[in-house]
Amino acid sequence: MSRALEGKVVLVTGAGSGIGRASAHRIAAAGAHVVISDINAEQGQAVLAEIAAEGGQASFLRADVGVEGDVAALIAAIVARHGRIDGAFNNAGIVQTGKRLHEVTTEEWDRAIRVDLSGVFWCIKYQVLAMLETGGGRIVNTASSLGEVAIANASEYVAAKHGVMGLTRAAAADYGAEGIRVNAILPGIIQTPVIDALAQNPDFKAFLVKLRDRHPIGRFGQPGEIGDAAVWLLSDQSSFVNGAGIPVDGGYLAI
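Quick note, the sequence shown lines up with residues 10 to 264 if you use my numbering.
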């Protein structure tokens, strides 16, 4: 991989597993110092050790993106340690309940919106405040193919991810002239430990097969494929891309 992020300081949230873990590896391989952040300190420290073993530069800071104070403290700690934050991949999130709308409890709705939408809002807010002090930066948010369309039994997730796309576009409009680019990645179904665990349920496994068959490429994506897109959006190679939602979905949104 080219060293497209050489010398940059880049935060990855939800970096303890799945897309975040693979993306942290890709971003480190591109030359950045990766700030690994996750609610699970054990998983985050494991990723830190993996990157260090590969010769990459990384550090770990625990944070729950569903708590505004955690997000504010996370960005403040990065700035205190490095003097700046050049880029961020706001990837942390939770999956849908698998329930129809009327079955979703208010508590489940509130949690999904707090983590998957408010968490992204808080991340962008405090990242922008830091980036405005240092002349700009790049922000990438994990949305979803379900940030553009919908499926059954995912109302709270669909609503949150549509909101992430709205935040991405609004922030791009607000800060593009000040050197801050904000974009989103729209993954299709990605083969992560969460998906593997859900597939242990026979009913959900059958649902996943149907979803897989809706991807024209005929397979699920791999976490590193999202990481590759994140590296590009965080680099100068995408310098005229702002407010975009980039599908990395095997053609899911094309049909």
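The C-beta atom is built at its ideal place from N, Cα and C for all residues, glycine as well.
Could you check what DSSP says for residue i in three-state terms: helix, strand or coil?
i: Q246; result: helix
i: S154; result: helix
i: T201; result: coil
i: F216; result: helix
i: L20; result: strand
i: A13; result: coil
i: H91; result: helix
i: D47; result: strand
i: I235; result: helix
i: V76; result: coil
i: G230; result: strand
i: I8; result: Only positions 10 to 264 of the chain appear in the structure, and residue 8 is not among them; the question remains open.
i: H224; result: coil
i: A206; result: helix
i: A263; result: helix
i: F128; result: First, the amino acid is wrong: residue 128 is Gly here, not Phe. DSSP places G128 in helix when its eight states are reduced to three.
i: V240; result: helix
Just the Cα atoms here: how many angstroms apart are residue i and residue j?
i: H91; j: V218; result: 45 Å
i: V44; j: L207; result: 29 Å
i: Q52; j: R228; result: 27 Å
i: T201; j: G188; result: 34 Å
i: V21; j: D212; result: 33 Å
i: G236; j: L242; result: 10 Å
i: N162; j: R109; result: 4 Å
i: G102; j: L138; result: 22 Å
i: A24; j: A58; result: 13 Å
i: N99; j: A215; result: 30 Å
i: P225; j: V80; result: 38 Å
i: S247; j: A13; result: 11 Å
i: A121; j: E165; result: 6 Å
i: G64; j: A39; result: 12 Å
i: A67; j: A55; result: 11 Å
i: V88; j: I28; result: 25 Å
i: L141; j: E112; result: 43 Å
i: Y261; j: A82; result: 37 Å
i: K234; j: T115; result: Residue identity differs from the one stated: residue 234 is Glu in this sequence, not Lys. So the alpha carbons of these two residues sit roughly 35 Å apart.
i: V149; j: A238; result: 10 Å
i: S26; j: D125; result: 16 Å
i: F69; j: E117; result: 29 Å
Just curious, the alpha helix (DSSP H) that residue i is in, first and last residue?
i: S164; result: 164-184
i: I60; result: 50-62
i: H34; result: 27-38
i: F69; result: Unbroken run through F69 is the beta strand (DSSP E), 66-71; no alpha helix (DSSP H).
i: D119; result: 115-122
Just to confirm before moving on: does the CB-CB distance between residue i and residue j stay below 9 Å?
i: G259; j: E157; result: no
i: I204; j: Q231; result: no
i: A159; j: L195; result: no
i: G96; j: G144; result: no
i: V18; j: H34; result: no
i: G252; j: V173; result: no
i: D73; j: I48; result: yes
i: I60; j: V240; result: no
i: Y135; j: A85; result: yes
i: E77; j: S127; result: yes
i: R30; j: G75; result: no
Mind checking who residue i pairs with in its DSSP beta bridge?
i: I255; result: I194
i: G144; result: Looking at the DSSP assignment, G144 forms no beta bridge with any residue, so it has no partner.
i: V137; result: Answer by DSSP bridge pairing: none, since V137 is not bridged.
i: I189; result: G146
i: H42; result: V18, Q66
Tell me the residue span of the beta strand (DSSP E) that contains residue i.
i: F98; result: 96-99
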